[in-house]
Amino acid sequence: MSIPIRTPTWVSKRRLFEQKLSELHKCTNLNHLKQVHAQIVKTNLHQDPFVAPKLITAFSLCRQMALAVNVFRQIQEPNVLLYNTLIRAHIQNSQPSQAFSTFFEMQSSGMWPDNFTYSFLLKAVSGQSSLPLVQMIHTHVEKSGFCSDIFVPNSLIDSYSKCGSAGVRAARKLFTAMNERDVVSWNSMIGGLVKAGDLGEARRLFDEMPERDTVSWNTILDGYVKAGEMTAAFELFEKMPERNVVSWSTMVSGYSKTGDMDMARMLFDMMPIKNLVPWTIIISGYAQKGLAKEAITLFNQMEEAGLKLDDGTIISILAACAESGLLGLGKIVHASMERTRFKCSNQVSNALVDMYAKCGSLDKALRIFNGMGNRDIVSWNAMLQGLAMHGHGEKALQLFFRMKEEGFEPDKVTFVGVLCACTHAGFVDDGLHYFHTMERDYGIVPQVEHYGCMIDLLGRGGRLKEAFRLIQSMPVEPNAIIWGTLLGACRMHNAVELAEEVLKCLVKLEPSDPGNFSILSNIYAAAGDWDSVSNVRLRMKSMGIQKPSGASSLEVDDEVHEFTVCDRSHPKSDRIYHMIDKLGQHLKKVGYVPRAY
DNA sequence: CTAGGGTTAG
């Protein structure tokens, strides 16, 4: 006869709640969690050292950090595990500074951080690329002796190598000093060198390392892709002993970026397994090149394949739409988001505002912008820029005042928008005023972009000499965009001599850009100086450069139609040109005067 | 530790 051993109730209850909480980890249902929390509090188990961390993690997964912190505060003497759990919770909810205050609180309570603490903290700083923060953690790690652990120094190498060239040097020093290195140490170090652009050294370590896994291959592959060396990348890709989704995606991304959509598509179609990322890359690639039809077809196929959009996919595709003005695809993405009741993060809303604004749908952009409860500086900048770009200079400046009233501090990007608004509204003196206040009142040192805006502002306003003097007085080296802007202004105001001067500087920076020569040629033509026109043409010929004919395109029913000068390839050319003539006559009747070249 | 991600002049 056996007597059943009864487990004390509190132990069984604890097990029960632990089980309930780990179930909650899988589905983050806040209402359910709150019920369980109430039951736990009733049985006083919220103080339990095993239950409390699970509760914090569950609240963290539901993005309820206030409740998570509340659980933590109920504990009189939190142990290391509990501190670590809260630190990790803050990081998972993108609150790195709160993670650090928890860390400092932990230290002042006399608690010793362990290797988990440091791993979490390093994760918190890895996104910040702040060398002093990584150095601070490194110092703490050295004092506590956790350098013998392999995870912590590996994370240190990774965090260091995201902090520029000084960081990579520190990473290298640590890497060399380690008495034991595993494949992750090597991969992190190679990844750091790749990020710093030191492909040669990265390759040297790659060849030197004792054992390579798929991550090692993918890392060096990405190095070649980022350097635009697709031939070398392809060779490596073929040599790889094993390829995973990342390897294939890296290649697809590389070909997309170099504009070789045929190769990108071929590899994409050959991929044995696809997830959201390669779909995103190929769709964004097509969208960036303005190939709306392909982009839209693939977007529909992606949805048919049952893939659910995420933040990365939406932001990436919308950004590509904004860049090439693909309003059609942008609307399709937006419609899909509304259909699936996608919960917009701040970044996603900003991407929508930017897409609609850049594509000229200012009313839609404004509606989303005004509906945002959590606007940040990026939202304001995107909206301001959109208004300025499309000729609503005055409205853009009004938005600038509203933004300041609501307590947002303008940044360098804001001023690019403000100056652009002044240019498009013709407010030359206001522009000069903002350019000066920018540094004086806001402490923003003008960058080459701001000078670019100013050259455009003065140039379009006909103050070409002032623009030229500003370029000469710039503390930064003028780039091709700066000179190109001035050249454009010269064309606008038929300033032949200055244009010649500007072209000399431009040729040094962009020797083979045909556009610059053709602008000069247009300026000569407008002045009736046909000898100089033919001189420029001869010069271009002798240099072996050719200006591709300009083309414009527009999108009708998801199809892009391209138009070039004197194009007669369309079967209905006669009717089309007849219509254009009629339109031209009508325009003249209502007073349009074409620009003379 | 590796692939996609919001605002920057013509």
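In the numbering used here, the protein residues as written are -17 to 579. For every residue, glycine included, the Cβ atom is placed at its ideal position computed from N, Cα and C. Source: prediction; values computed, not measured.
Where residue i sits in the DSSP three-state scheme
i: residue 330; result: helix
i: residue 178; result: coil
i: residue 36; result: helix
i: residue 451; result: helix
i: residue 512; result: helix
i: residue 374; result: coil
i: residue 209; result: coil
i: residue 409; result: coil
i: residue 501; result: helix
i: residue 259; result: helix
i: residue 44; result: coil
i: residue 94; result: coil
i: residue 528; result: coil
i: residue 458; result: coil
i: residue 240; result: coil
i: residue 232; result: helix
i: residue 356; result: coil
i: residue 564; result: helix
i: residue 558; result: helix
i: residue 476; result: coil
i: residue 431; result: helix
i: residue 13; result: helix
i: residue -3; result: helix
i: residue 573; result: coil
i: residue 215; result: helix
i: residue 78; result: helix
i: residue 287; result: coil
Beta-carbon proximity of residue i to residue j, cut-off 7 Å
i: residue 264; j: residue 234; result: yes
i: residue 196; j: residue 217; result: no
i: residue 502; j: residue 481; result: yes
i: residue 434; j: residue 463; result: yes
i: residue 147; j: residue 178; result: yes
i: residue 106; j: residue 73; result: yes
i: residue 231; j: residue 262; result: no
i: residue 149; j: residue 181; result: no
i: residue 583; j: residue 408; result: Residue 583 is absent from the model: the chain starts at -17 and stops at 579.
i: residue 436; j: residue 452; result: yes
i: residue 439; j: residue 413; result: yes
i: residue 203; j: residue 215; result: yes
i: residue 308; j: residue 269; result: yes
i: residue 337; j: residue 312; result: yes
i: residue 53; j: residue 38; result: yes
Contacts around residue i, its chain only, beta-carbon distance under 7 Å, and the 5 residues preceding and following it disregarded
i: residue 152; result: 142
i: residue 285; result: 318
i: residue 335; result: 347, 350, 351, 361, 364, 365
i: residue -17; result: Because residue -17 sits at a pLDDT of 44, beneath the cut-off of 50, its placement in the model cannot be relied upon, and the following sentence gives the value as read from the coordinates. For residue -17, where only same-chain residues beyond five positions count, there are no Cβ hits under 7 Å.
i: residue 56; result: 28, 29
i: residue 376; result: 407
i: residue 66; result: 98, 99, 102
Contact set for residue i: own chain, Cβ-Cβ below 8 Å, skip 5 residues either direction
i: residue 362; result: 381, 385, 390, 396
i: residue 292; result: 258
i: residue 241; result: 271
i: residue 200; result: 226, 228, 229, 232
i: residue 134; result: 97, 100, 101, 104, 123, 128
i: residue 498; result: 466, 469, 485, 488, 489, 492
i: residue 164; result: 132, 136
i: residue 176; result: 184, 201, 202, 204, 205, 208
i: residue 473; result: 481, 501, 504, 505, 508
i: residue 249; result: 230, 233, 234, 237
Contact set for residue i: own chain, Cβ-Cβ below 6 Å, skip 5 residues either direction
i: residue 420; result: 397, 426
i: residue 379; result: 403
i: residue 565; result: none
i: residue 174; result: 143, 150, 153
i: residue 522; result: 499
**Study point:** Three or more C-beta pairs below 8 Å linking the stretch 200 to 214 and the stretch 230 to 246
**Key:** By the C-beta criterion, the stretch 200 to 214 is judged to be in contact with the stretch 230 to 246, since at least 3 inter-stretch pairs fall below 8 Å.
Check your understanding: Taking three-plus beta-carbon pairs below 8 Å as touching, is the stretch 325 to 332 in contact with the stretch 301 to 316?
Key -> The stretch 325 to 332 vs the stretch 301 to 316: no contact.
**Study point:** Cβ pair count under 8 Å reaching 3, the stretch 62 to 81 against the stretch 18 to 30
**Key:** With fewer than three CB-CB distances shorter than 8 Å, the stretch 62 to 81 does not count as touching the stretch 18 to 30.
Point to revise | Cβ contact check for the stretch 116 to 128 and the stretch 158 to 166: 3 or more pairs under 8 Å | key: Contact between the stretch 116 to 128 and the stretch 158 to 166 is absent: fewer than 3 CB-CB pairs across the two stretches fall below 8 Å.
Check your understanding: Is the stretch 419 to 432 in contact with the stretch 454 to 468, if contact means three or more CB pairs nearer than 8 Å?
Key -> By the criterion of at least three beta-carbon pairs nearer than 8 Å, the stretch 419 to 432 is in contact with the stretch 454 to 468.
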